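A.B. asks:
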Amino acid sequence: MVSSKATKRKPTTKNLVIVESPAKAKTIEKYLGKNYKVLASKGHIRDLPKSRMGVDIDHNYEPTYISIRGKGDTIKELKKAAKNSQNVYLAADPDREGEAIAWHVSYVLGLDLDDKNRVVFNEITKDAVKEAFKHPRNVNMDLVNAQQARRILDRLVGYSISPILWQKVKKGLSAGRVQSIALKLVIEREKSIQKFQPKEYWTILSHFQAGTAKKNIFEANFYGVDGKKKELPSNQAVKDILAQIDKRKKFNVSKVVKKERKRYPAAPFTTSSLQQEANRKLNFKTRKTMMLAQQLYEGINLGGRQGSVGLITYMRTDSTRIATVAKHETAKFIQEEYGEQYAATKLHKTKNPEGAQDAHEAIRPTSVLRTPQSLKKVLTRDQYRLYNLIWNRFVASEMTPAVMDTVKVVLEQNKIQFQANGSQIKFDGFLKLYKDDNQTKDNLLPDLSEGQQVKLLDTNPEQHFTQPPARYTEASLVKALEENGVGRPSTYAPTIDTIQRRYYVKLNGRSFEPTELGEIVDNLIEKYFPDIVNIDFTAQLEDELDGIEAGKEKWTKVVDEYYQPFSKELKNADEKIEKLQIKDEPAGFDCDICGAPMVIKLGRYGKFFACSRFPDCRNTKPIIKEIGVVCPKCHQGQVVERKSKKRRIFYGCSRYPDCDFVDWNKPINRDCPKDGHYLVEKKVKGGRQVVCPNGDYEEEVQK
Numbered sequence: 001m002v003s004s005k006a007t008k009r010k011p012t013t014k015n016l017v018i019v020e021s022p023a024k025a026k027t028i029e030k031y032l033g034k035n036y037k038v039l040a041s042k043g044h045i046r047d048l049p050k051s052r053m054g055v056d057i058d059h060n061y062e063p064t065y066i067s068i069r070g071k072g073d074t075i076k077e078l079k080k081a082a083k084n085s086q087n088v089y090l091a092a093d094p095d096r097e098g099e100a101i102a103w104h105v106s107y108v109l110g111l112d113l114d115d116k117n118r119v120v121f122n123e124i125t126k127d128a129v130k131e132a133f134k135h136p137r138n139v140n141m142d143l144v145n146a147q148q149a150r151r152i153l154d155r156l157v158g159y160s161i162s163p164i165l166w167q168k169v170k171k172g173l174s175a176g177r178v179q180s181i182a183l184k185l186v187i188e189r190e191k192s193i194q195k196f197q198p199k200e201y202w203t204i205l206s207h208f209q210a211g212t213a214k215k216n217i218f219e220a221n222f223y224g225v226d227g228k229k230k231e232l233p234s235n236q237a238v239k240d241i242l243a244q245i246d247k248r249k250k251f252n253v254s255k256v257v258k259k260e261r262k263r264y265p266a267a268p269f270t271t272s273s274l275q276q277e278a279n280r281k282l283n284f285k286t287r288k289t290m291m292l293a294q295q296l297y298e299g300i301n302l303g304g305r306q307g308s309v310g311l312i313t314y315m316r317t318d319s320t321r322i323a324t325v326a327k328h329e330t331a332k333f334i335q336e337e338y339g340e341q342y343a344a345t346k347l348h349k350t351k352n353p354e355g356a357q358d359a360h361e362a363i364r365p366t367s368v369l370r371t372p373q374s375l376k377k378v379l380t381r382d383q384y385r386l387y388n389l390i391w392n393r394f395v396a397s398e399m400t401p402a403v404m405d406t407v408k409v410v411l412e413q414n415k416i417q418f419q420a421n422g423s424q425i426k427f428d429g430f431l432k433l434y435k436d437d438n439q440t441k442d443n444l445l446p447d448l449s450e451g452q453q454v455k456l457l458d459t460n461p462e463q464h465f466t467q468p469p470a471r472y473t474e475a476s477l478v479k480a481l482e483e484n485g486v487g488r489p490s491t492y493a494p495t496i497d498t499i500q501r502r503y504y505v506k507l508n509g510r511s512f513e514p515t516e517l518g519e520i521v522d523n524l525i526e527k528y529f530p531d532i533v534n535i536d537f538t539a540q541l542e543d544e545l546d547g548i549e550a551g552k553e554k555w556t557k558v559v560d561e562y563y564q565p566f567s568k569e570l571k572n573a574d575e576k577i578e579k580l581q582i583k584d585e586p587a588g589f590d591c592d593i594c595g596a597p598m599v600i601k602l603g604r605y606g607k608f609f610a611c612s613r614f615p616d617c618r619n620t621k622p623i624i625k626e627i628g629v630v631c632p633k634c635h636q637g638q639v640v641e642r643k644s645k646k647r648r649i650f651y652g653c654s655r656y657p658d659c660d661f662v663d664w665n666k667p668i669n670r671d672c673p674k675d676g677h678y679l680v681e682k683k684v685k686g687g688r689q690v691v692c693p694n695g696d697y698e699e700e701v702q703k
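Numbering (the UniProt record's numbering), first residue to last: 1 to 703.
(1) Judging by CA-CA distance, which residue of I300, V409, E474 and I322 is the nearest neighbour of Y384?
(2) Could you tell me the alpha carbon to alpha carbon distance between Y201 and I241, rounded to whole angstroms?
(3) Which of the three DSSP states is assigned to M53 in this structure?
(4) Is there a Cβ from chain D that is less than 8 Å from the Cβ of Q244?
(5) Hey, quick one: how far does the beta strand (DSSP E) through F537 stretch, first residue to last?
(6) Along the alpha helix (DSSP H) that carries M291, what are the first and last residues, could you check?
(7) For the pair the segment 493 to 505 and the segment 544 to 553, tell me if three or more CB-CB distances fall below 8 Å.
(8) Is the separation between the beta-carbon of R96 and that of L143 shorter than 8 Å?
(9) Can you tell me where the beta strand (DSSP E) with Y36 in it begins and where it stops?
(10) Per the DSSP calculation, L16 is bridged to which residue(s)?
(11) Between which two residues does the alpha helix (DSSP H) holding F566 run?
(12) Are the segment 455 to 468 and the segment 275 to 295 touching, with three or more C-beta to C-beta distances below 8 Å?
(13) The beta strand (DSSP E) spanning W202 covers which residue range?
(14) What first and last residue would you give for the beta strand (DSSP E) that runs through R261?
(15) According to DSSP, is L183 helix, strand or coil?
(16) How many angstroms separate the CA atom of A213 from the CA atom of P446?
(17) In this structure, how does DSSP classify V691 when only helix, strand and coil are distinguished?
(18) For L570, count the other beta carbons within 10 Å of its own beta carbon; 16 or more makes it buried, fewer makes it exposed. Which is it?
(19) Got a sec? Which residues, its chain only, sit under 6 Å from M53 by beta carbon, not counting five neighbours each side?
(20) Between which two residues does the alpha helix (DSSP H) harbouring Q276 extend?
(21) As an exercise, report each continuous beta strand (DSSP E) stretch of at least 3 residues that is fully enclosed by the segment 578 to 628, in chain order.
(22) Secondary structure at Q244, three-state DSSP: helix, strand or coil?
(23) Closest to G637 by C-alpha separation, out of D114, V629 and S644, would be which residue?
(24) From D660 to S180, what does the alpha carbon distance come to, in whole angstroms?
(25) Terminal residues of the continuous beta strand (DSSP E) containing N392?
(26) Reducing DSSP to helix, strand and coil, say where E131 ends up.
(27) How far does the alpha helix (DSSP H) with L153 in it reach, from first residue to last?
(28) Which residue marks the beginning of the beta strand (DSSP E) containing P514, and which one marks its end?
(29) Among K432, V119 and K250, which has the Cα closest to the Cα of Y338?
(30) Look at the alpha carbon of E698 and the alpha carbon of P632, and state the distance between them as a whole number of angstroms.
(31) Taking R642 as part of the beta strand (DSSP E), name the residues at either end of that continuous run.
(32) Do I312 and T366 have their CB atoms nearer than 8 Å?
(33) Please return the same chain residues whose Cβ sits closer than 8 Å to the Cβ of P233, not counting the five positions on each side in sequence.
(34) Report the CB separation of T271 from P489 in whole angstroms; it is logged as a contact under 8 Å.
(35) Please name the residue or residues paired with H464 in a DSSP beta bridge.
(36) Give me the residue from T515, A573 and R151 with the minimum Cα distance to K50.
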């Protein structure tokens, strides 16, 4: 461990505060007043060197830290300001990485680690910041060592396996503890999809009528025979059931069960649940969600006397805990805005997920009085959408549960049973503000009583097939990593970004598919480094890192216990892995520059056409996928699938730039029956829908 040395500083009346970002610096300086100067380190100022391992394995894994290239001017500015300041406070973010940044700044400035100069706050508001400066503490070396252990482990794995992949497979590849698990999850899901054998099953949705009024017509599904649920695996099974029904006779209402059910609001957001919900509801990538959340946390200029204000609490957290003062403020707001019946009479007690560190509160607005609508003019569109999501989820979590009236009706004839389920929102509660994924429309049934007779109007058998498991989206992959205890909230976004940048996975719509390159890398790591892709092993390591933070484990011991078996696997892999040649595929046509055969190569962003004489001839072409539709604009070219700079699929004419036809939706070979415009296939919730871009025509959703 590198020790810090105290140096003498020329005292002045100024107090220097060092934070991570310039945006945060402006906000905090305004709160603290003229006796404080706030500067930003702009993230880390020291790190392990990029050009070499930087970890002395033979000497207790001693790290070699160097000043980050490009940070020279920032370090000079901080040193100069520290020399002319009476006190120096370190106010980096309140997590492991923030603690490590504070420690590195302390070392570079020559501060004494015994000084109580570390200041932390969960929200950037005037009261929170001023209160934090009343209680400075020492730099927490347990937190620093937990972060240092993670950084060194990742360096040992990445800088050991990556050169093997470069040598044996392809340059530019990488491997890591968490990213290898993420890749493994995507590949295992794809294997499950490929192995999946669909099974046939049938349903019988029927219409019944109580009395003669049309309003008393309702739907019921076939349930079973003689009180036992029965599956319908074939059309013959359906025919056997229908043969037992006498259409001349009525069905008897054999059971009516009425219940009142409460639906409770979801807890306020953690980092993981925010990333998932923003991906599902706003289609934000995890990296974008965290970038926007960071902006909302650090401060937005509200104008006038308010100036820059932090709008949400710290966004890296796995706790659902809420401060009591925030609960009381929210309860009062709900009573005044929505009515007393919507404010929870008892403060909700939320249970944290297993393994949650509970270092910070859940993600919430710093003041519930700053409604999304009141801030719409000062926020960008995406900032507003994310703040609106956070605000609504938090306020809803402090509201009363929704109350549902549910009815289950069993209809019977000749022991054949149908079942109808009805529900009605009796009191909307939190649903008034926050629509959840389980919310359904009212399904009202007529007022039925046991022993009543109802008429069967029709039977509608329908064939179905079981569906394979869905591919991972960003939301479901984050959820899977969290449920398996792999990584921590701050690691999900960079992990998912890395496996895409390395082209180990690709996005098809919103779902991840593994690439050929990803499968090659996964097979090698699974064969030669089984612990790296062992979910239980990786999750256990996360627990040990938490143990370092809690002061229960020594970081060098944890690193050594991981590295010793890993080093043996490294030696074995280097000796036994044979160089893999990713062969070029014949393209089937010749180069239009030199006449040599063209081939299909695998590049960073997938496959492309290239001349076989490379590097003598550097002719390349993208692989264009035709969709079988003639361009509706020029009627000469073919509509082809293209990708934007952000890898989003769109459709354009193959004659571009001579024809500039483009559309985000997939054109089809039919014209609108109303105005003759070409039709497109549009992705909608629940499936796909054929629509006219002019908005005058649409067809039923195809599931």
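All C-beta atoms, glycine included, are put in the ideal place defined by N, C-alpha and C.
All of these numbers come straight from a predicted model, not from anything done at the bench.
C.D. replies: Based on what the coordinates show:
(1) Distances from the CA of Y384 to each of I300, V409, E474 and I322 were compared; the closest alpha carbon is that of I300.
(2) 14 Å
(3) coil
(4) Here chain D cannot be found, since the structure has a single protein chain.
(5) Per DSSP, F537 belongs to no beta strand (DSSP E); it is in the alpha helix (DSSP H), I535 to E549.
(6) T286 to E298
(7) No, the segment 493 to 505 does not touch the segment 544 to 553.
(8) Yes, these two residues count as a Cβ contact at 8 Å.
(9) Y36 to A40 is the span of the beta strand (DSSP E), which, as asked, contains Y36.
(10) K37 and V88
(11) W555 to K576
(12) no
(13) E200 to Q209
(14) F251 to R263
(15) helix
(16) 10 Å
(17) strand
(18) Only buried fits L570, as 16 or more other CB atoms lie within 10 angstroms of its CB.
(19) Y159
(20) Start and end: T271 to L282.
(21) 585 to 590, 597 to 603, 606 to 611 and 620 to 622
(22) coil
(23) V629
(24) 41 Å
(25) Not the beta strand (DSSP E): N392 falls in the alpha helix (DSSP H), residues R381 to S397.
(26) In the structure shown, E131 sits in a helix (DSSP, three-state: H, G or I).
(27) M141 to K168
(28) S511 to P514
(29) The option with the nearest alpha carbon to Y338 is K432.
(30) 19 Å
(31) Q638 to K643
(32) yes
(33) K199, E200, Y201 and W202
(34) 3 Å
(35) H464 pairs with Y201.
(36) R151
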